[in-house]
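Here is the structure we will look at.
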Amino acid sequence: MDILPLVNWDLLRNQTPKWILGYSDISTFTFAYTLLTGHATAHGPNYVDLGAEQIDNTTARWLDVLSTEHNKHVRQTSSLLHCSSWGNPLDRETRWEILGDKASERYSGRLIGGCLDTISILIGTKFAPVEQFTTTYCQSSGLIWYLESCEMNAADIYRHLWQMKESGWFHHTNGVLIGRAAGYSHSKNFELIDALTSIFAPLHIPVIYNVDIGHVPPQITVINGCLAEVKCSDGKGEVSLILS
């Protein structure tokens with residue numbers, strides 16, 4: 084976040100954009116970059132994730148996504164297996180879960196998001212003009228937020244989401260994707276599901292959680308500013324991006 088005041092945003096806004104790809108701390112920059120310039124950025128594997136001798140099929144789709152032609156679709160599906168913890172092999176069955184009692188869920192909108200730990204720090208600053216972005220780009224499409232966390236417990240997640248809600252960030256939101264939480268712990272009897280329900284149920288915003296996004300491999304690649312359609316049923320999900 085310390086570099087954000089040092090960036091010449093007017094200059095960047097008028098330059099030919101190049102892809103910026105990554106997750107975790109870099110999402111502080113990519114989130115602000117898309118909001119301030121209107122240029123797309125990518126949330127997906129970091130360089131270190133691409134150094135393995137064999138990359139899983141989910142992570143490997145990053146290049147397909149970034150090389151998709153203008154106005155074309157690219158479809159990504161949920162992984163078969165994910166890591167039970169960082170550094171472990173893909174050893175646990177993947178299930179995307181729907182918050183509430185619906186058997187299936189489907190929504191569309193324009194994607195925006197990143198690491199909850201870092202992007203929520205930008206609330207109230209000039210580097211996070213979410214309302215302006217929504218007015219300019221999302222009046223007809225609505226928003227899809229994607230969020231993931233690292234080293235946050237259930238109460239922390241609730242506090243950060245509460246601040247986003249009270250700042251109006253969830254206006255015009257059609258749905259939310261929550262990535263698998265890394266380093267997560269519950270807060271006494273307060274669980275992740277409680278945090279998500281407390282925030283999004285009163286807003287009637289559908290939520291899919293335990294998604295392949297963020298710190299717990301593998302992860303799909305999603306695009307800030309991109310139109311997307313999300314589907315989920317029976318623990319399986321898909322995200323279709325329209326690179327417009």
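The opening position of the sequence shown corresponds to residue 84 in my numbering, with each subsequent residue numbered one higher. Glycine is no exception: its CB is placed at the ideal position from the N, C-alpha and C atoms.
The C-beta separation of GLY258 from PRO289 comes to about 5 Å, placing the pair in contact by the 8 Å criterion. Cβ contact annotation for SER327 (same chain, cutoff 8 Å, sequence separation greater than five): HIS153, ASN154, CYS309, LEU310, in chain order. Where ARG175 is concerned, the enclosing beta strand (DSSP E) starts and stops at 173-176. A direct Cα-Cα distance of roughly 31 Å separates ALA115 from SER167.
DSSP, read as helix, strand or coil, puts ARG263 in coil. The Cβ-Cβ distance between ASP108 and TRP179 does not fall below 9 Å. With a cut-off of 8 Å on Cβ pairs, the region 137-156 is not in contact with the region 224-243, counting fewer than three such pairs.
Just so you know, the alpha carbons of LEU324 and HIS122 end up roughly 15 Å apart. Look at the region 217-252 and you find these whole runs of alpha helix (DSSP H), each 4 residues long or longer: 237-249.
For ARG193, there is no enclosing alpha helix (DSSP H); the residue is found in the beta strand (DSSP E) stretching over 187-198. Under the DSSP assignment, TYR116 falls in the alpha helix (DSSP H) whose first and last residues are 109-120. Boundaries cannot be given for VAL131, as no alpha helix (DSSP H) includes it and DSSP labels it neither H nor E. Excluding sequence positions up to five before and after LYS248, its CB lies within less than 8 Å of the CB of ILE282, LEU286, all in the same chain and listed in chain order.
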